[in-house]
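Everything on this sheet refers to the single structure shown next.
There are 2 protein chains.
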Amino acid sequence: MQVVPPALDRLIDSLAKLPGIGRKTATRLALNILRRPSSQARELAASLNELHSAIRLCSCCFTFSETDPCVVCADPKRNGEIVCVVEQPGDLMAIEKTGSYRGHYHILHGVLAPLDGIGPEEIKVRELLARVASGTVKEVLIATSSTVPGEATASYLIDRLQGAPIRLTRLACGIPMGMDIKYADRHTLAKAIEGRSSAR
Amino acid sequence: MQVVPPALDRLIDSLAKLPGIGRKTATRLALNILRRPSSQARELAASLNELHSAIRLCSCCFTFSETDPCVVCADPKRNGEIVCVVEQPGDLMAIEKTGSYRGHYHILHGVLAPLDGIGPEEIKVRELLARVASGTVKEVLIATSSTVPGEATASYLIDRLQGAPIRLTRLACGIPMGMDIKYADRHTLAKAIEGRSSAR
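Protein chains in written order, with our numbering: chain F, 383 to 582; chain W, 383 to 582.
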């Protein structure tokens, strides 16, 4: 017997399409939304409806933005000579939260994944090479994830940018702050030893 | 610097109001929604918008339903002489999934929580007593959660229904199926011993 009302079932279906949300969580969320005032559901619906129409990609760095160029690219106080290459707009947001980077960005919108048919043409590699070729960029900081596809993408970019008259850098790899060394995995520990810095 | 576009930020705010969704998860979900086709966001928005207008409470058992009476109360094949009392519509859905209950329900929409100002008048207790007083009900199966407020609500209901000429039952309490006895907590194990059944 179908005891879940169809309208509730449709919401559960839609929520269950989100990443990391299974049917059980989707049901819990939907029932919770139903128990609250309808104004909250409408507010969420309105945010969803305006999302894609309000946000586009910055034509320079390709981050999500309501303006073009985005706030970072448009800011005269930021240093356009350094370009930090990240996989996704979420990575840019994470770096901005640190407050310790004052350069520009370049969002690849993905990583190389040949088995899934994602080659350099599917991500914003050509656009990065064009930015570098334009001559204003003096340093490219590659900040892809330290996962297998992230590293492969970094290697590919390093290879393609080898001949360019720029400084080519990577994020430091090592022990996370606050982590007990005995819990670090051996690859991280090996990287930390390899990249050790002078203590005085 | 506010690098999160306002439209994205509003969606993150709305998502973060859902239970069990913090700002980090909300950001991950919002970025994922933005990366997918806008049709999916619109579909979710449409489900949210129709939710409260399509669904009301069944005037008999108070579950969420698009029809009144709900499908369970309206089904002539179900036994209206047994009423299973649960806290929330989600509990009804869970019991329906078992396929082993063929009676009616009564949704309390909460549990007694005197410290939060939730007394019998705030949940559907009066309505349950009226259903029992109407004379058609022969058994009330109390299926509130086996938590402290769930048990307190059950005790209150048992007290109020003490004089009624009905059978008053509770869900069995014991070892969950597939659980190793050595991992059961001592209260559950004590209940299981207390409620032991004849093996042959």
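Yeah, the Cβ is synthetic: ideal placement off N, Cα and C, and Gly gets one too. Since we're looking at a predicted model, the values are computed, not measured.
With distances taken Cα to Cα, identify the nearest neighbour of residue i among the options.
| i | options | result |
| --- | --- | --- |
| L523 (chain F) | F:L490, F:Q422 and F:A572 | F:L490 |
| Y483 (chain W) | W:V493, W:L497, W:S527 and W:C466 | W:C466 |
| Q470 (chain W) | W:A534, W:G532, W:G492 and W:P458 | W:G492 |
| A389 (chain W) | F:R392, F:I394, F:L433 and F:P387 | F:L433 |
| L397 (chain F) | W:T445, W:A428, W:Y538 and W:D395 | W:A428 |
| P496 (chain W) | W:R418, W:L550, W:Y538 and W:R578 | W:Y538 |
| G501 (chain W) | W:G481, W:A436, W:I403 and W:G532 | W:G532 |
| S421 (chain W) | F:L416, F:S435 and F:N414 | F:S435 |
| L416 (chain F) | F:G404, F:N431 and F:D391 | F:D391 |
| M383 (chain W) | F:I394, F:L393 and F:G481 | F:G481 |
| A512 (chain W) | W:R418, W:D562 and W:L543 | W:L543 |
| K479 (chain W) | F:D541, F:K406 and F:G560 | F:K406 |
Kindly list the residues whose CB is nearer than 6 Å to the CB of residue i, restricted to its own chain and excluding five residues on each side of it in sequence; keep chain order.
| i | result |
| --- | --- |
| C452 (chain F) | C440 and T445 |
| L553 (chain W) | A525 |
| H488 (chain W) | C443, V465, V467 and L510 |
| Y565 (chain W) | none |
| L393 (chain F) | A412 |
Pull the bridge partners of residue i from the DSSP assignment, please.
| i | result |
| --- | --- |
| E521 (chain F) | F:I464 and F:R549 |
| S579 (chain F) | DSSP, once it has assigned bridges, lists no residue as partnering S579 (chain F). |
| I563 (chain F) | Beta-bridge pairing links I563 (chain F) to no other residue. |
| L439 (chain F) | F:F446 |
| I334 (chain F) | One cannot answer for residue 334 (chain F) here, as it falls past the ends of chain F, which runs 383 to 582. |
Our contact map puts residue i next to residue j with C-beta atoms below 8 Å; I'd like the distance itself, whole angstroms only.
| i | j | result |
| --- | --- | --- |
| I548 (chain W) | K520 (chain W) | 6 Å |
| R438 (chain W) | D450 (chain W) | 6 Å |
| V514 (chain W) | A546 (chain W) | 5 Å |
| L400 (chain F) | N414 (chain W) | 7 Å |
| V385 (chain F) | L474 (chain W) | 6 Å |
| T551 (chain F) | G472 (chain W) | Not confirmed; about 52 Å, so no contact. |
| P558 (chain W) | E448 (chain F) | Between E448 (chain F) and P558 (chain W) the Cβ distance is about 51 Å, and since that is not below 8 Å, they are no contact. |
| A581 (chain W) | L430 (chain F) | Actually they do not touch by this definition, with Cβ atoms about 56 Å apart. |
How is the alpha helix (DSSP H) around residue i delimited, first residue to last?
| i | result |
| --- | --- |
| I575 (chain F) | R568 to E576 |
| A408 (chain F) | R405 to R417 |
| M475 (chain F) | P471 to T480 |
| L390 (chain W) | P388 to A398 |
| D541 (chain F) | V530 to L543 |
| E432 (chain F) | S420 to A436 |
| C455 (chain W) | V453 to A456 |
| E509 (chain W) | V507 to A515 |
Give me, in chain order, the residues of the same chain whose beta-carbon lies closer than 8 Å to that of residue i; leave out the 5 immediate sequence neighbours on both sides.
| i | result |
| --- | --- |
| G556 (chain W) | T570, K573, A574 and G577 |
| I403 (chain W) | L397 and L411 |
| E504 (chain F) | G492 |
| A536 (chain F) | I524, T526 and R552 |
| I563 (chain W) | I557 and L571 |
| G499 (chain W) | none |
Using C-beta distances below 7 Å, list every residue in its chain close to residue i, excluding the 5 sequence neighbours before and after it, in chain order.
| i | result |
| --- | --- |
| A586 (chain W) | Because chain W in this structure spans residues 383 to 582, residue 586 (chain W) falls outside the shown range and cannot be described. |
| C455 (chain F) | C440, C442, C443 and H486 |
| G462 (chain W) | H486 and T518 |
| S528 (chain W) | C555 |
| D541 (chain W) | none |
| G560 (chain F) | none |
Check for me: the beta strand (DSSP E) holding residue i runs from which residue to which?
| i | result |
| --- | --- |
| G485 (chain W) | G485 to I489 |
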